[in-house]
Amino acid sequence: MMEVIQQLNPVALFIAGTIVAILIIAFISLFITKGKYSALQADLDKRRSGTGFDEGSVVDNIIKDYRITAEDQYGDVNTQAIIERHLSRSLKGAMFGERFCKKAISLMIILGLLGTFYGLTLSIGDIVKVLGQSNNLDMFNSMEGIIDGLLQSIQGMSVAFVTSLFGITSAIILTIANLTTSPASVREVFMVDMEEYLDNTISLEFIKTESREYVEYVKIATKGMQEASQALLASVHKFESSLERFTDNTRDFSEFNHHLRNNIDRMSINFADMSDQFKTTAEKITAKSIEKY
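Our numbering puts the first residue of the sequence shown at 727, with every later residue one more than the last.
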């Protein structure tokens, strides 16, 4: 392997070195990123267990922002947006490292292919040069020189694939490391736990506050309804008393009308008797007057 590497030209060596450097940087970024996400998870676990937490940390800032937003929005909060905003602001390096580890796999393969195509281009150029020189009679008479040139060109092609081997091997190693370490999985677990803690624990503070305010409103409304009911009941009692008095007055008026009718009937009879007596008396007086004259 070392002999093949030694045969590489400076450009191919640079490409191979770049691939190795990217692999090393990706490994370092992988573990640093996972460490930062694990620290967030540990801080959240401390907060949930009540064993203390880091003042001014990312977790503490997320909780403070959630409380402020919940007070303004009356409990209606986009929790995921708050978490993602704080992670993107406070952990720019970790987020970049996570993206770099994902893109490094493709980048190493592309660089390996670039070195391969570069080597193939040089080898094909050497083959064309050898075949072009075969027009020379001396070169044509010496087949050994042509064969040696072709062998060197083919050997150069084999060397050209070394960069692709570097790129593919590095990509495989980084893929396995990414799968076993998986900072993205650690971040997703933290975000889910953080969202669950905010929605199921911190949000209860605002639910209790709203419940107490609701109970106070209900008490005030109930007291007002009781007072209104008492006033309405008193008005109904007064109306019933007025109705009873009206009924009594109506009954008295009916009795008065009944007695008045009887009195009128009696007066009519008396007037009729009086009229008869006046008539009888007038007849007697008339009769006596006729007898006298």
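Even glycine gets a Cβ: it sits at the ideal position worked out from N, Cα and C.
Counting every other CB atom within 10 Å of its CB across the protein chains shown gives GLU824 a total of 16 or more, marking it as buried.
The residues TYR792, THR795, ALA796, in chain order, have a CB closer than 7 Å to that of VAL803 in the same chain once the five nearest residues on each side in sequence are set aside. If you look at GLU922, you'll find it in the alpha helix (DSSP H) that goes 909 to 923. When only Cα atoms are considered, THR805 and MET917 end up about 10 Å apart. Three or more Cβ pairs closer than 8 Å define a contact, and the segment 886 to 906 meets that threshold against the segment 739 to 750. Between ILE836 and ILE809, the C-beta gap is not smaller than 8 Å, which leaves the two residues out of contact.
In the three-state DSSP reduction, GLY776 falls in the coil class, being neither helix nor strand. Burial check for MET920: the Cβ neighbour count within 10 Å reaches 16 or more, so the residue is buried. Cβ-Cβ distances below 7 Å link ILE831 to ALA897, LEU900, THR901 in the same chain, with the five nearest sequence neighbours on each side left out; the list follows chain order. Straight-line measurement puts the Cα of PRO909 at about 10 Å from the Cα of MET821. Residue state for PHE887 is assigned as coil, using DSSP reduced to three classes.
Closest in C-alpha terms to LYS828, from the list LEU959, VAL785, SER911, LEU766, comes SER911. The alpha-carbon separation between ARG913 and TYR763 amounts to approximately 6 Å. As the crow flies, the alpha-carbon of GLU970 is around 48 Å from that of ASP1002. By the Cβ neighbour-count rule, ILE748 is buried, with 16 or more other Cβ atoms within 10 Å of its own. Straight through space, the alpha carbons of GLU966 and ASP798 are spaced by roughly 53 Å.
Listed in chain order, the non-local C-beta contacts of GLN767 below 8 Å within the same chain comprise VAL912, VAL915, PHE916, ASP919, local neighbours out to five positions each way being set aside.
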